[in-house]
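Taking it in order: structure first as structure tokens, then the write-up.
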Amino acid sequence: MRMTTRRVTAALAAIALLAVACGGDDTAGDPLAADDPVEDGDDADDADDDVEIGEDGVAPDRADLLGAGATFITPVMLEWIRDNEPGIAVNYQSIGSGGGIAQFLEESVDFGSTERYLTEEEVADAREIRGCDALHIPDAFGGVVPSYNNPDVEAALEAAGEPYLILSGEVIADIYLGNVNQWDDPAIVELNPGVDMPGGDIIPVHRSDGSGTTYIFVRYLTDVSQQWEDEVGFGSEVDWPAGIGGNGNEGVAAETQQQPGAMGYLSIAYAIENDIPMISVINADGNPIQPTVESVAEGPSTIIDTIPDDFRYDILGVGGDGFPIVGTHWILAWECGYDDETASSLIDFLTWVIEDGDDLAIDLLYSPTTGDFKDRVLGEIQRINSVEPAN
Numbered sequence: 044m045r046m047t048t049r050r051v052t053a054a055l056a057a058i059a060l061l062a063v064a065c066g067g068d069d070t071a072g073d074p075l076a077a078d079d080p081v082e083d084g085d086d087a088d089d090a091d092d093d094v095e096i097g098e099d100g101v102a103p104d105r106a107d108l109l110g111a112g113a114t115f116i117t118p119v120m121l122e123w124i125r126d127n128e129p130g131i132a133v134n135y136q137s138i139g140s141g142g143g144i145a146q147f148l149e150e151s152v153d154f155g156s157t158e159r160y161l162t163e164e165e166v167a168d169a170r171e172i173r174g175c176d177a178l179h180i181p182d183a184f185g186g187v188v189p190s191y192n193n194p195d196v197e198a199a200l201e202a203a204g205e206p207y208l209i210l211s212g213e214v215i216a217d218i219y220l221g222n223v224n225q226w227d228d229p230a231i232v233e234l235n236p237g238v239d240m241p242g243g244d245i246i247p248v249h250r251s252d253g254s255g256t257t258y259i260f261v262r263y264l265t266d267v268s269q270q271w272e273d274e275v276g277f278g279s280e281v282d283w284p285a286g287i288g289g290n291g292n293e294g295v296a297a298e299t300q301q302q303p304g305a306m307g308y309l310s311i312a313y314a315i316e317n318d319i320p321m322i323s324v325i326n327a328d329g330n331p332i333q334p335t336v337e338s339v340a341e342g343p344s345t346i347i348d349t350i351p352d353d354f355r356y357d358i359l360g361v362g363g364d365g366f367p368i369v370g371t372h373w374i375l376a377w378e379c380g381y382d383d384e385t386a387s388s389l390i391d392f393l394t395w396v397i398e399d400g401d402d403l404a405i406d407l408l409y410s411p412t413t414g415d416f417k418d419r420v421l422g423e424i425q426r427i428n429s430v431e432p433a434n
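Per our numbering, residue 44 is the first one in the sequence shown, and the count goes up by one each step.
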């Protein structure tokens, strides 16, 4: 876990940069490198060729690729950008899946980034906009974990010799519906026998922006709670019945840390980096499961042979040893309309991510693509810029 925590810390510390450059020397990707003095002589002559790193990462006019979207994937995205061996310089704006989809469909970026696949209407709009298909390219699977801030609950668990708080999907839904609002509610006590649960208000924390993390979370709640399905439903944005909002995974993490009694939902990497206790969630087979690389991979492995050709799907009903709140991260790319250089850069970058970025994903508790599914994804990457626009 020490290596994983170091990797998470390094990746999330870089989120403020939002993008990094990859080049042939050791200073590429170093945010301090742009501020180092340049000596007279050969080094000074080469300075103009270096990609400078500012507080927004690689300047868009110096990047090979512009991308925008999910905060969920940002920790490993920054690692992929920093370490990719083709040396593609990428400007990645971590603005949330909703913003990434919007900018992709506006054609203001080269690729979008999302944990929500495009709706049928958006797919049709994309064909009208570009004259070809928008491609969904899966690059990783990840868990969305409920996390909480209540030292009294932690103390009660420790006193009982229990490592984790356990909740069911139904109880999580009831917390976000406002039905369960006390830490010692009978529904929580029943799931944690032997734990002397303290009282106190539960403050649900949710995203305030259009979010793929939200999509994964509320798609799961819709599957396990009839009241949630009837009254709230799912999407990258919903009308929340209870709680307070935070912008991005980082905003939800901050609100959860700042509000005693809070419970939020986060990409696993953010919970680890911010040392926010993660809740074990009872899956479809009644097993309480903590999120790990293995438990996150369990769900995708059960549906891998049924994933459709357009790669638009949900992961629901996870049982066995699988963590139940899990989803896919997609890169959105175009089947046509790129210039040759941009298309080549995008194909090279994504191919490297799928073929060689596995260890970076695993270090940050994402589950990479594997086996025949990986081959399918590599084939989808080759569709980028493969046809002429129809309009």
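In this text, a Cβ means the ideal position worked out from N, Cα and C, and glycines have one as well. None of these values were measured; they are calculated from a predicted model.
inquiry  = Please classify Gly370 as buried or exposed, where buried requires at least 16 other C-beta atoms within 10 Å of its C-beta.
reply    = For the purposes of this step, residue 370 is taken as residue 327 along the sequence shown, with counting starting at 1. Gly370 comes out buried.
Every unbroken beta strand (DSSP E) inside the stretch 298–349 [3 residues or more] = 305–310, 323–325
request  = Tell me, please, which residues DSSP counts as bridged to Ala16.
outcome  = Since the displayed the chain opens at 44 and closes at 434, residue 16 lies outside it and no answer follows.
message = Between which residues of its own chain and Glu272 is the CB-CB distance below 6 Å, once the five residues before and five after are set aside?
response = Along the sequence shown, read from residue 1 onward, the residue named residue 272 stands at position 229. For Glu272, where only same-chain residues beyond five positions count, the Cβ hits under 6 Å are Thr265.
key: Burial state of Asn434 (16 or more Cβ within 10 Å)   = By one-based count along the sequence shown, residue 434 stands at place 391. With fewer than 16 other beta carbons inside 10 angstroms of its own, Asn434 counts as exposed.
task = Tell me Gly110's beta-bridge partners as DSSP assigns them.
result = Translated into the one-based positions of the sequence shown, residue 110 becomes position 67. In DSSP, Gly110 forms a bridge with Tyr135, Phe154.
ask   = Can the beta-carbon of Ile347 be found closer than 8 Å to that of Tyr356?
value = Translated into positions along the sequence shown, residue 347 becomes position 304. Translated into positions along the sequence shown, residue 356 becomes position 313. Cβ distance not < 8 Å, so Ile347 and Tyr356 don't count as in contact.
For Asn224, the nearest candidate out of Ser429, Tyr409, Ala285 (CA to CA) = Position 181 of the sequence shown, counting from 1, holds the residue named residue 224. That would be Ala285, whose Cα lies nearest to the Cα of Asn224.
message = Could you tell me the alpha carbon to alpha carbon distance between Val339 and Asn428, rounded to whole angstroms?
response = Start at 1 with the first residue of the sequence shown, and residue 339 comes out as number 296. Start at 1 with the first residue of the sequence shown, and residue 428 comes out as number 385. If you take the alpha carbons of Val339 and Asn428, they lie about 32 Å apart.
key: Closest residue to Ser156 among Val295, Ile424, His372, Ala230 (Cα-Cα distance)   = Here residue 156 refers to the residue found at position 113 when the sequence shown is read from its first residue. Comparing Cα-Cα distances from Ser156 to each of Val295, Ile424, His372, Ala230, the minimum goes to His372.
query = Under a three-way DSSP split, which group does Trp377 fall into?
reply = Within the sequence shown, the letter at position 334 stands for residue 377. Three-state DSSP puts Trp377 in a strand.
task = Please confirm if the stretch 176–194 is in contact with the stretch 113–125, defined as three or more CB-CB distances below 8 Å between the two stretches.
result = yes
message = Quick check: is any heavy atom of the ligand ADP less than 7 Å from the C-beta of Thr335?
response = Absence of the ligand ADP is noted for the structure shown, with no ligands found whatsoever.
query = Which of helix, strand or coil does DSSP assign to Arg262?
reply = The residue given as residue 262 occupies position 219 in the sequence shown. Arg262: helix per DSSP, three-state reduction.
ask   = Taking the alpha-carbon positions, what's the Gly130 to Leu375 distance?
value = On the sequence shown, position 87 is the one that residue 130 refers to. On the sequence shown, position 332 is the one that residue 375 refers to. Taking the straight line from one Cα to the other gives about 21 Å.
ask   = Buried or exposed: Val420, going by 16 or more other Cβ atoms within 10 Å of its Cβ?
value = By 1-based counting over the sequence shown, the position of residue 420 is 377. Looking at its Cβ environment, which holds 16 or more other Cβ atoms inside 10 Å, Val420 is buried.
message = Just list the residues that DSSP pairs Gln225 with in beta bridges.
response = If you number the sequence shown from 1, residue 225 lands on position 182. According to DSSP, which records beta bridges pairwise, Gln225 is partnered with Asp244.
query = So, helix, strand or coil for Ile435, using DSSP?
reply = Nothing can be reported for residue 435, as the shown portion of the chain is limited to 44 through 434.
ask   = Roughly how far, in whole angstroms, is the beta-carbon of Gly212 from the beta-carbon of Tyr258, given that I think they are within contact range, below 8 Å?
value = Counted from its first residue, the sequence shown places residue 212 at position 169. Counted from its first residue, the sequence shown places residue 258 at position 215. Going by Cβ atoms, the distance from Gly212 to Tyr258 rounds to 16 Å, so no, they are not a contact pair.
query = Roughly how far, in whole angstroms, is the beta-carbon of Gly139 from the beta-carbon of Gly253, given that I think they are within contact range, below 8 Å?
reply = Taking the first residue of the sequence shown as position 1, residue 139 is located at position 96. Taking the first residue of the sequence shown as position 1, residue 253 is located at position 210. With a Cβ gap of about 5 Å, Gly139 and Gly253 count as contacting.
query = Taking Glu163 as the reference, which of Asp153, Tyr308, His179, Ser151 has the closest Cα?
reply = If you number the sequence shown from 1, residue 163 lands on position 120. Out of Asp153, Tyr308, His179, Ser151, His179 has the C-alpha closest to the C-alpha of Glu163.
ask   = Which residue comes first and which comes last in the beta strand (DSSP E) that contains Tyr219?
value = By one-based count along the sequence shown, residue 219 stands at place 176. Where Tyr219 is concerned, there is no enclosing beta strand (DSSP E), although the alpha helix (DSSP H) it sits in stretches over 212–220.
task = Measure the C-alpha to C-alpha separation of Asp328 and Leu389 and round it to an integer number of angstroms.
result = The count along the sequence shown starts at 1 and reaches residue 328 at position 285. The count along the sequence shown starts at 1 and reaches residue 389 at position 346. Rounded to whole angstroms, Asp328 to Leu389 spans 41 Å at the Cα level.
task = Pull up the distance between the alpha-carbon of Asp92 and that of Gly289, whole angstroms please.
result = Against the sequence shown, residue 92 aligns to sequence position 49. Against the sequence shown, residue 289 aligns to sequence position 246. Confidence at Asp92 is low in this model, with a pLDDT of 42, below 50, so its placement is unreliable and no value can be given for it.
query = So which of Pro189, Asp364, Asp217 has the shortest CA-CA distance to Leu309?
reply = Against the sequence shown, residue 309 aligns to sequence position 266. The shortest Cα separation from Leu309 among Pro189, Asp364, Asp217 belongs to Pro189.
key: Spatially closest choice to Ala305 from Ala296, Ile311, Asn127, by CA coordinates   = Here residue 305 refers to the residue found at position 262 when the sequence shown is read from its first residue. The residue with the shortest Cα to Cα distance from Ala305 is Ala296.
request  = Evaluate the contact criterion for the stretch 237–246 versus the stretch 191–207: three or more CB pairs, one atom per stretch, below 8 Å.
outcome  = yes
Cβ shell of Asp383 (< 8 Å), same chain only, five flanking positions each side left out = Indexing the sequence shown from 1 puts residue 383 at position 340. Within the same chain, Asp383 has close Cβ partners Asn428.
ask   = What's the call for Val214, buried or exposed, on a 16-neighbour Cβ count within 10 Å?
value = On the sequence shown, position 171 is the one that residue 214 refers to. Buried, by the Cβ-count rule.
query = At what residues does the beta strand (DSSP E) containing Leu389 begin and finish?
reply = In the sequence shown, counting from the first residue as 1, residue 389 sits at position 346. Note, Leu389: premise wrong, no beta strand (DSSP E); alpha helix (DSSP H) at 383–399.
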